[in-house]
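One structure is given below, encoded as structure tokens.
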Amino acid sequence: MNTEEPEDPQRQRLREHLETILIRTEKAAPWHDEAGRLRGLVNHEGFVPVRTRLAIEDLEFLAGARQDVLTFTELTLRLLDLHQPRDAGGITSDSAHPILRCRSCMWRWPCPTFRAMSESFGGALDNPLPEPA
């Protein structure tokens, strides 16, 4: 007797899409160090004339990178809106620190979803991005 429920087709398609993005990202070359050097090459028109060799994996990554980042940011913000603390309403001896639960999944706060997000972006939270100009 098989007690496992069959995989939801929508969930499976989403997982495959995310895994494709992950694979494409891992294959592309990182630009972090190059970006620092390229900032010094900005011309009077505000552009960097770049001549470089790009692998097909880099082009595939760059073609979808902006949209992927926008999509992941929107998803993360939606998850953050869903998973936030609320007073659990229980009796506690420490009124300054009431027992909190996640308003979405009802796990004790911080819930596993928030913890996973916080851990994933933990380094970014220690080194915040500069404000856009």
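Position 1 (the sequence shown) corresponds to 692 in this note's numbering; numbering is contiguous. Glycine included, every Cβ here is placed at the ideal spot set by N, Cα and C. Bear in mind that the values here come from a model prediction, so they are computed numbers and not experimental data.
Check	Outcome
Simplified DSSP state of Leu-745, which is helix, strand or coil	coil
Closest Cα partner of Arg-728 within the set Ala-720, Val-739, Lys-718, His-735	Val-739
Contiguous alpha helix (DSSP H) assignments of at least 4 residues, all confined to the segment 694-760	700-718, 723-730
Of the residues Arg-794, Phe-763, Glu-765, Arg-757, the one placed nearest Asp-778, counting alpha carbons only	Arg-794
Of the listed residues Phe-812, His-774, Pro-789, nearest to Trp-798 (C-alpha basis)	His-774
Arg-702: CB within 8 Å of a non-hydrogen atom of the ligand ADP	As for the ligand ADP, it is missing from this structure, which has no ligand bound.
Pairwise C-alpha distance: Leu-709 and Glu-765	15 Å
Element boundaries [alpha helix (DSSP H), containing Pro-794]	Per the sequence shown, the amino acid found at residue 794 is Arg instead of Pro. Segment: none, Arg-794 is in no alpha helix (DSSP H) and carries neither H nor E.
Exposure of Phe-752, with buried meaning 16 or more beta-carbon neighbours within 10 Å	buried
Cβ neighbour criterion (16 or more within 10 Å) applied to Phe-805	buried
Nearest to Thr-743 (by Cα), restricted to the options Trp-722, Ile-714, Arg-769, Pro-700	Trp-722
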